[in-house]
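Numbering (our numbering), first residue to last: 198 to 272.
Glycine included, every Cβ here is placed at the ideal spot set by N, Cα and C.
Because the structure is a prediction, the values reported are computed rather than measured.
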């Protein structure tokens, strides 16, 4: 390694954006599980609840962040 190593600047991404993307991805997963019957029959009957709980937890996180908490502004 040389002394003139280039260090990239950190990417600034808002946390709320990450939460919103996560909610959308869980919604897509829910649509896929509901659209493909083989993914929700037999031993996989609980698979529907995985994206549902992901969406619910994402919504809780979204409410938490939009109320002004979670951004460590007072830390």
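Under 9 Å between C-beta atoms of residue i and residue j
i, j, result
"residue 227", "residue 248", "yes"
"residue 255", "residue 210", "no"
"residue 259", "residue 218", "no"
Close beta carbons around residue i, own chain, < 8 Å, minus the five adjacent residues each side
i, result
"residue 252", "220, 223, 224, 227"
Same chain, Cβ closer than 7 Å to residue i, neighbours up to 5 away in sequence not counted
i, result
"residue 244", "230, 236, 237"
Residue i, DSSP secondary structure in three states
i, result
"residue 242", "coil"
"residue 204", "coil"
"residue 210", "coil"
"residue 251", "helix"
"residue 233", "coil"
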